[in-house]
Amino acid sequence: MASLIENLVDTLNRESEEYEALVELSKKKTPVVIRGDLEALQAITDEEQLAAARINHIENERRSVMKEIAGVLNTDVEALKLADMIRILERRPAERQRMEECQNRLKMAVYQMKQINEHNLELIEKALEMAQFELNLYQSMKSAPATANYNKAAYNDGSVIGGTRGRFDAKQ
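Counting from 1, position 57 in the sequence shown corresponds to residue 57 in the working numbering; the numbering is continuous, with no gaps.
Shown next as structure tokens:
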């Protein structure tokens, strides 16, 4: 059982490291989203996909170790949680402390990732709203109402408000 606990702790530590790396990638994503740098965003997203694949692989290892531990304890693997493992290790304070540290580290990494991703999602939504606003503004300039300008023959010359401008330029 001790070697299984050691394997579980090792697996949880590696999983925590990968989640922490994912948190760092998410932090890098924030300024990229603000700048609107699509190439850099794609590169970060590709790195995140690789990290997610590594996490998935480690998660499968963790499930395998948990299955072995459940077999030794004669319990259902689906019902066996990390909190249960900590409770089971009550008589082994050193192993229990290491397991609690793993659990806390993993919880913290997942919480940070959730917070950063929610912030990035808000930024992306705001960027999309701004792009939609600019698109609507551009389209409304094309379909602006006709002016009351008349030519020499007393006919409406058909000019449109804002019709001489090209596109919206934020630098002007």
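By construction, the Cβ of each residue, glycine as well, lies at the ideal position given by its N, Cα and C atoms. Quick caveat: nothing in here was measured; it's all calculated off a predicted structure.
With a threshold of 7 Å, establish whether the CB of residue i neighbours any heavy atom of the ligand NAP.
i, result
"residue 9", "You won't find the ligand NAP in this model; it holds no ligand whatsoever."
Residues in the same chain with beta-carbon distance under 6 Å from residue i, minus the five sequence neighbours each way, listed in chain order, please.
i, result
"residue 7", "65"
"residue 62", "11"
"residue 55", "18"
Rounded to the nearest angstrom, how far is the Cβ of residue i from that of residue j, given a contact under 8 Å?
i, j, result
"residue 4", "residue 72", "7 Å"
Hey, could you find the ends of the alpha helix (DSSP H) residue i is sitting in?
i, result
"residue 83", "82 to 88"
"residue 66", "38 to 73"
"residue 2", "2 to 35"
Could you pull out every residue in the same chain whose Cβ sits closer than 7 Å to the Cβ of residue i, ignoring the five residues on either side in sequence?
i, result
"residue 76", "70"
"residue 106", "12, 15, 16, 19"
"residue 109", "16, 19, 20, 23"
"residue 131", "none"
Between residue i and the rest of its own chain, which residues show a CB-CB distance below 8 Å, the 5 nearest in sequence each way excluded?
i, result
"residue 80", "66, 69, 70, 73"
"residue 9", "95, 98, 99, 102"
"residue 88", "73"
"residue 40", "32"
"residue 117", "26"
"residue 59", "15"
- Query: Do the stretch 22 to 31 and the stretch 40 to 50 meet, that is, are 3 or more Cβ pairs less than 8 Å apart?
  - Reply: yes
- Please confirm if the stretch 17 to 26 is in contact with the stretch 51 to 61, defined as three or more CB-CB distances below 8 Å between the two stretches. yes
- May I ask you to verify whether the stretch 30 to 41 touches the stretch 88 to 100, counting CB pairs closer than 8 Å and requiring at least 3? no
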